[in-house]
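Novice: The following block contains the structure, expressed as structure tokens.
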Amino acid sequence: MGRRLKRAANRGERVEIEFLESVRKRCTPNRMILETLGELYTRTGRFEEGLNTDLELTRICPREAIAWYNLGCSYALISKKDDALAALTKAIELGYKDIAWMSGDSDLESVQDDPQFHALLKRAKG
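Counting in the working numbering, the sequence shown runs from 383 upward without gaps.
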């Protein structure tokens with residue numbers, strides 16, 4: 383992507399984040415808004431904000447495996463391995479099964495060499 387297109391994309395993401403943050407302030411917690419914000423925060427390198435959003439998602443959707451998986455990714459992105467592995471464990475307990483994705487997810491690079499991570503993959507395979 384050229385510099386001009388990249389700047390335009392970054393501007394678009396900033397505008398989208400600002401819009402969703404304003405909607406978030408005015409509404410009760412909304413899963414779709416939080417999921418989109420979390421993804422945008424991560425994509426733009428705002429990992430702490432992404433983590434806070436994922437924590438909120440797991441509070442309002444405690445039985446959603448993907449919410450816990452995303453929380454694990456957020457922790458991994460800020461190198462909190464134990465927290466990442468705990469969240470990923472919860473995701474698997476709740477039924478997360480996309481092992482191929484999990485094995486290659488670049489968000490999880492900080493834990494992919496950990497023996498506990500490999501044990502989780504085996505556990506998820508059943």
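Where a beta carbon is used, it is the ideal one built from N, C-alpha and C, also for glycine.
#1: Pick out whichever of ARG396, LEU402, ALA473 has its Cα sitting closest to the Cα of CYS455.
#2: Taking the alpha-carbon positions, what's the ILE481 to GLU421 distance?
#3: Say whether the stretch 445 to 461 touches the stretch 478 to 496, bearing in mind that this needs 3 or more beta-carbon pairs closer than 8 Å, one atom from each stretch.
#4: What is the DSSP secondary structure of GLY508, counted as helix, strand or coil?
#5: Let me know the secondary structure DSSP gives PRO444 once reduced to three states.
#6: If I follow the unbroken alpha helix (DSSP H) through THR424, where does it start and stop?
#7: For PHE429 and GLY508, I'd like the C-alpha separation in whole angstroms.
#8: Between VAL397 and chain B, is any beta-carbon pair separated by less than 7 Å?
#9: Closer than 8 Å by C-beta to ILE415: which residues in its own chain qualify, once you throw out the five before and the five after it? Chain order, please.
#10: Please go through the stretch 432 to 495 and give each complete beta strand (DSSP E) segment of 3 or more residues, from N-terminal end onward.
Specialist: According to the data block:
#1: ALA473
#2: The alpha-carbon atoms of ILE481 and GLU421 are separated by roughly 20 Å.
#3: yes
#4: coil
#5: coil
#6: Annotation for THR424: the continuous alpha helix (DSSP H) segment containing it runs 413 to 425.
#7: In this structure, the straight-line span from the alpha carbon of PHE429 to that of GLY508 is close to 31 Å.
#8: Although the question refers to chain B, the structure presented lacks it and comprises just one protein chain.
#9: LEU402, VAL405, ARG406, CYS409
#10: none
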